[in-house]
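Number of protein chains: 2
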Amino acid sequence: MRDVCVIGLGLIGGSVLRAAAAVGRRAWGATAAEADAEAAVAEGFDASTDVEAALRRAAERDALVVLAVPLTAIEEVLRAVSECAPSCLLTDVTSVKSGVLAAARSFAPDTRFVGGHPMAGTAESGWRAGNAALFGGAPWVVCVEDDTELGAWAEVAGLAIDLGAQVVPLTAAAHDEAVARISHLPHLFAAVLAAVGADGGPVAMSLAAGSYTDGTRVAATRPELVRAMTEGNRDALLPVLDEALGRLGAMRGSLASTGGLAVSITSGHDGARALAESRQGTPSGVRVALDAPDARDGLRALGERGGRITTLADGTAIGEVR
Amino acid sequence: MRDVCVIGLGLIGGSVLRAAAAVGRRAWGATAAEADAEAAVAEGFDASTDVEAALRRAAERDALVVLAVPLTAIEEVLRAVSECAPSCLLTDVTSVKSGVLAAARSFAPDTRFVGGHPMAGTAESGWRAGNAALFGGAPWVVCVEDDTELGAWAEVAGLAIDLGAQVVPLTAAAHDEAVARISHLPHLFAAVLAAVGADGGPVAMSLAAGSYTDGTRVAATRPELVRAMTEGNRDALLPVLDEALGRLGAMRGSLASTGGLAVSITSGHDGARALAESRQGTPSGVRVALDAPDARDGLRALGERGGRITTLADGTAIGEVR
Numbered sequence: 023m024r025d026v027c028v029i030g031l032g033l034i035g036g037s038v039l040r041a042a043a044a045v046g047r048r049a050w051g052a053t054a055a056e057a058d059a060e061a062a063v064a065e066g067f068d069a070s071t072d073v074e075a076a077l078r079r080a081a082e083r084d085a086l087v088v089l090a091v092p093l094t095a096i097e098e099v100l101r102a103v104s105e106c107a108p109s110c111l112l113t114d115v116t117s118v119k120s121g122v123l124a125a126a127r128s129f130a131p132d133t134r135f136v137g138g139h140p141m142a143g144t145a146e147s148g149w150r151a152g153n154a155a156l157f158g159g160a161p162w163v164v165c166v167e168d169d170t171e172l173g174a175w176a177e178v179a180g181l182a183i184d185l186g187a188q189v190v191p192l193t194a195a196a197h198d199e200a201v202a203r204i205s206h207l208p209h210l211f212a213a214v215l216a217a218v219g220a221d222g223g224p225v226a227m228s229l230a231a232g233s234y235t236d237g238t239r240v241a242a243t244r245p246e247l248v249r250a251m252t253e254g255n256r257d258a259l260l261p262v263l264d265e266a267l268g269r270l271g272a273m274r275g276s277l278a279s280t281g282g283l284a285v286s287i288t289s290g291h292d293g294a295r296a297l298a299e300s301r302q303g304t305p306s307g308v309r310v311a312l313d314a315p316d317a318r319d320g321l322r323a324l325g326e327r328g329g330r331i332t333t334l335a336d337g338t339a340i341g342e343v344r
Numbered sequence: 023m024r025d026v027c028v029i030g031l032g033l034i035g036g037s038v039l040r041a042a043a044a045v046g047r048r049a050w051g052a053t054a055a056e057a058d059a060e061a062a063v064a065e066g067f068d069a070s071t072d073v074e075a076a077l078r079r080a081a082e083r084d085a086l087v088v089l090a091v092p093l094t095a096i097e098e099v100l101r102a103v104s105e106c107a108p109s110c111l112l113t114d115v116t117s118v119k120s121g122v123l124a125a126a127r128s129f130a131p132d133t134r135f136v137g138g139h140p141m142a143g144t145a146e147s148g149w150r151a152g153n154a155a156l157f158g159g160a161p162w163v164v165c166v167e168d169d170t171e172l173g174a175w176a177e178v179a180g181l182a183i184d185l186g187a188q189v190v191p192l193t194a195a196a197h198d199e200a201v202a203r204i205s206h207l208p209h210l211f212a213a214v215l216a217a218v219g220a221d222g223g224p225v226a227m228s229l230a231a232g233s234y235t236d237g238t239r240v241a242a243t244r245p246e247l248v249r250a251m252t253e254g255n256r257d258a259l260l261p262v263l264d265e266a267l268g269r270l271g272a273m274r275g276s277l278a279s280t281g282g283l284a285v286s287i288t289s290g291h292d293g294a295r296a297l298a299e300s301r302q303g304t305p306s307g308v309r310v311a312l313d314a315p316d317a318r319d320g321l322r323a324l325g326e327r328g329g330r331i332t333t334l335a336d337g338t339a340i341g342e343v344r
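Chains U and B, in that order, give the protein sequences.
For what it's worth, this note's numbering labels the leading residue of the first sequence as 23, then goes sequentially.
For what it's worth, this note's numbering labels the leading residue of the second sequence as 23, then goes sequentially.
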């Protein structure tokens, strides 16, 4: 099994280091955050604050380097990768993929880069919030571009599967559009609901029940995390936000004119049913041979259909789709 | 204890009948829905499909009449009340208060009407979904207008407290504005999120996690219930929807121009903290003597501050506010 070098030891990076070590991989980490490095060392992990030394070791041992730093620090770390491990196998775990892909091409052009995004997390952050089981059963997007080297892709997908996740192959652009809809827009909506609710004063807070507490829950997320994901995904988020504004504006128009909201509310009900149905039904098996000429198309089609890969064996990705 | 006559035996009405009987009140009910009446009788309750007979009995026994029919049926039932029990003690449990107040003044002008709204419920509906414990600890708005007769108000508040609820005194207008913020807008937002998410197809559904499932949960509510509450509260909901559109539009503008969302996201975070803080802190006791000249103002001020009344004793409303 390939060695793993994790840069950044917060919630996600710290969980990758723990989980990689737990499955028997040689794994080490480095972070600029002294507290995280100290906590990792205290728990017996191979960790330090010397990012460059960790990367040079990755180059020597041909390790897979996992960038788990905040989106705002990616560029700086890519420069260090380019200097210390210029042709390494490289992935990342940040929540926006097109921007990181462009940055990797600019700042670490000789690496074998494959973007990734494990869809797991908690409201907590830092090393102490992580655990080796964080990725169990979670979707982990591993990007497939037209020029993605499938050998490198299989290394990254293999790590995700080793760590308990299910791999969703998508282009960076498809990932960013999907998460704009199902993560970044919900965060913006929660922020607006929480602000409009609080503007109602103590009586509104006193009467708030399920629909409000559910709808505003993620507004309690640390603002810098929400800013990083939404501002970092601006290009994909803007058209999705416009769709939402269009739908809300249509509701406003109907309520003010005819007073009827049947169309809007039924669309939402249909959407809720689509989510429920996507989680039911019997999965059917899917196999994609990674050496086939259309392997990249096959992988992306699987991801677009909502499928996930659960095994990599003999050069074949094996998964299921509902 | 005063007798209770419940018209409408769905989730809320059925729970009122059960809970009133459970605390030892003489209670009977009637509903146009045969299945609900049969189910209630089968469980040993005094119920029928003869609404007029139930109302005439209420007039004879000077019972408190509780209207628990859908908002769209209120006018028809008020006409029956006016004919069969024209001067009865009357309340309702529907989710919009100004419209019902106006209808009661028009169609049953001689009743002693006090509007109410128990903030309890489940996604289910019908007699079988109800239970006697539904109102335990829940806020129950009991309306106080300038012309509200406080003797009638105390009868309605007393029933709510008997059934386990905590009474929030508010004008119909204040109630409608608060629920527009913390219930009706969240339902509209959930509908938009669910529609925009589903437009992302299977891949969006496959990647959907907590922020999306929380934000869209109430979009699965039966569309006719959501329509009744939102369309029925149009006057209060429109300005709140405009506030929300203004905030979302400002986000859109910031994201498209500077790309920064700090102000919007911080406002949402502040709102989430306001909700959390409203549920902490030590409550302080409050007493309002119902025969004081400014009793109505005192009650409404308590409700506006997020306070609740938990006891009625010797003509005094006793409660707490945080």
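For every residue, glycine included, the Cβ atom is placed at its ideal position computed from N, Cα and C.
Residue i vs residue j beta-carbon contact at 7 angstroms
i: SER70/B; j: ALA59/B; result: yes
i: THR53/B; j: VAL88/B; result: no
i: PRO208/B; j: GLY282/U; result: no
i: GLY325/U; j: LEU192/U; result: yes
i: VAL214/B; j: SER233/U; result: no
i: PRO140/U; j: GLY328/B; result: no
i: ALA49/B; j: ALA55/B; result: no
i: GLU74/B; j: CYS106/B; result: yes
i: VAL122/U; j: GLY30/U; result: no
i: ILE293/U; j: ALA216/B; result: Before going further, note that residue 293/U is Gly rather than Ile in the sequence given. Yes.
i: SER300/B; j: MET227/U; result: yes
i: LEU33/B; j: GLY152/B; result: yes
i: THR133/U; j: CYS110/U; result: yes
i: VAL118/B; j: GLY271/B; result: no
Residue i, DSSP secondary structure in three states
i: GLY223/U; result: helix
i: CYS106/B; result: helix
i: ARG134/B; result: strand
i: ALA85/U; result: coil
i: GLU98/B; result: helix
i: ALA49/U; result: strand
i: THR252/U; result: helix
i: VAL166/B; result: coil
i: VAL28/U; result: strand
i: GLY35/U; result: helix
i: SER128/U; result: helix
i: ALA335/U; result: strand
i: ALA142/U; result: coil
i: SER147/U; result: coil
i: GLY180/U; result: helix
i: SER117/U; result: coil
i: LEU185/U; result: coil
i: VAL122/B; result: helix
i: VAL73/U; result: helix
i: GLY66/U; result: coil
Any chain B beta carbon closer than 7 angstroms to residue i
i: MET227/U; result: yes
i: PHE211/U; result: yes
i: LEU321/U; result: no
i: LEU77/U; result: no
i: LEU33/U; result: no
i: GLY51/U; result: no
i: VAL285/U; result: no
i: PRO208/U; result: yes
Beta carbon proximity, residue i to chain U, threshold 7 angstroms
i: GLU253/B; result: yes
i: THR332/B; result: no
i: HIS139/B; result: no
i: GLU342/B; result: no
i: LEU267/B; result: yes
i: ASP236/B; result: yes
i: VAL38/B; result: no
i: PRO224/B; result: yes
i: LEU263/B; result: yes
Below 8 angstroms, can you find three or more Cβ-Cβ pairs linking the stretch 156–165 of chain U to the stretch 173–188 of chain U?
yes
Going residue by residue through the stretch 254–326 of chain B, where are the continuous beta strand (DSSP E) segments of at least 3 residues, counting only ones entirely within it?
306–311
In chain order, which beta strand (DSSP E) runs of at least 3 residues are fully inside the stretch 203–250 of chain B?
none
Is the stretch 194–212 of chain U touching the stretch 192–205 of chain B in the sense that three or more CB pairs, one from each, lie closer than 8 angstroms?
no
Contact the stretch 123–132 of chain B vs the stretch 330–344 of chain U: 3+ CB pairs below 8 angstroms:
no
For the 8 angstroms Cβ check, are there 3 or more pairs between the stretch 260–272 of chain B and the stretch 260–278 of chain U?
yes
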